[in-house]
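Please read the structure below before turning to the comments.
Residue numbers (our numbering): 194 to 522.
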C-alpha cells in the first residue's frame, strides 16, 4: 500500500472522529451548564483545555462565553480543530485517495462536509439553538462509520482507518475525562448531591457511556466512572478498549505475532496496552488522575510519531507539520 494513501486514510479518520467529539463536548457541556453553579466562563473554558485550544482562542476572543466557544469550536476556519476545519481536512484527504474508497464512503464524507459548510452561513441562528445541529453532526459521523463498515473490504486501508479512529478517540476520551473530573470532583460545597449526579451523568453522556455504565455499575460514583472510561475492556470508547483494538489493527498491518513486535510503534502500543490491562482504578486515583492522563497522552503521541516513522516515511517540513498535528490533538 502506498505511504501517501495510508497517511491520508489515517488522517481522514482522525479528523472525522475529532469533528464528532467536538460536537459531543459542546452538546453535553450545554446540558451541564443548566445545573452548573460555578463560573460559566470556567465551564466553557474546560472545552478549550480539553482540545488544547486555549491560546488560539484567546488570540481572537475576549471571554470564554457559551456563544464564543461554540462558534470557535464549530465554525471558526482559523481554528484547525473546529468542526468545519476538521471536515474540510477529512474531505481533502478523502478526495486525494478517492479511488481507494468506495463510492458510498466518498459521498457520505462529502455530504457531511457540505452540510456543515452550508450551516456555517447561518451560524447565528444555529448558535442560538445548537442542539439540533449538534445531533445532526453526530448522526452524520455515524453514517460515515456505518457506510464504511458495510462497504469497505478489511484490507490494509481499513486497518489504517480503524487505527486512526481509535487513537483519536482514546486521546479525546482521556482529555475530556481529565478536565471534567477536575471540574466535577465532589470536593466543593456549592454542588448539591442531585446536581452532582446529573453532571456526572452528563460526563458519561459525552462519550455515549451512560447506558452501558448503568448496566455495569448502576449508581453513579466518580471512581467507577473513571474505571469505566479508562479500564473497561468492552466499552468501545474506553482507553483500554481503544488501545487494545488499535494494537490489533497495527499487528494486522505488519503481520506480527501477538507476543512480539516488528517495529517501534508496535512496541509502544503493546506496552501501553499492557499497562491498561493490569492497572487498577484505586492506584490511578491515588497517584493522581491528571498525572495518569498526562503520561497516557505523552505515550499516545509517541505511538503516533512511531506510526509515521514506520509506515508513512514522511521527511522534511511535511513530516514536522504532521507531527505537530499529533502533538496538538
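Positions of the beta carbon are idealized from the N, C-alpha and C atoms, including for glycine.
- Between the alpha carbons of residue 303 and residue 296 lies a gap of roughly 11 Å.
- Here DSSP, grouped into helix, strand and coil, assigns residue 295 to coil.
- At a Cβ-Cβ threshold of 9 Å, residue 366 and residue 409 do not count as neighbours.
- If the five residues before and after residue 250 are omitted, its C-beta is found closer than 6 Å to the C-beta atoms of 241, 265, all from its own chain and listed in chain order.
- Shown here, residue 455 sits in coil according to DSSP, grouped into three states, outside any helix or strand.
- One alpha carbon belongs to residue 277, the other to residue 211, and they sit about 11 Å apart.
- Under the Cβ criterion (8 Å, minimum of three pairs), the stretch 432–448 counts as touching the stretch 351–361.
- For residue 342, the closest of 376, 261, 294, 364 by C-alpha to C-alpha distance is 294.
- In the DSSP assignment, residue 441 falls within the alpha helix (DSSP H) that extends over 432–447.
- Annotation: the continuous alpha helix (DSSP H) that includes residue 321 extends over 316–321.
- Two segments are said to touch when three or more pairs of C-beta atoms, one from each, lie closer than 8 Å; by this definition the stretch 315–333 touches the stretch 219–229.
- The criterion of a C-beta distance shorter than 9 Å is satisfied by residue 469 and residue 424.
- Per DSSP, the continuous alpha helix (DSSP H) segment holding residue 282 begins and ends at 276–289.
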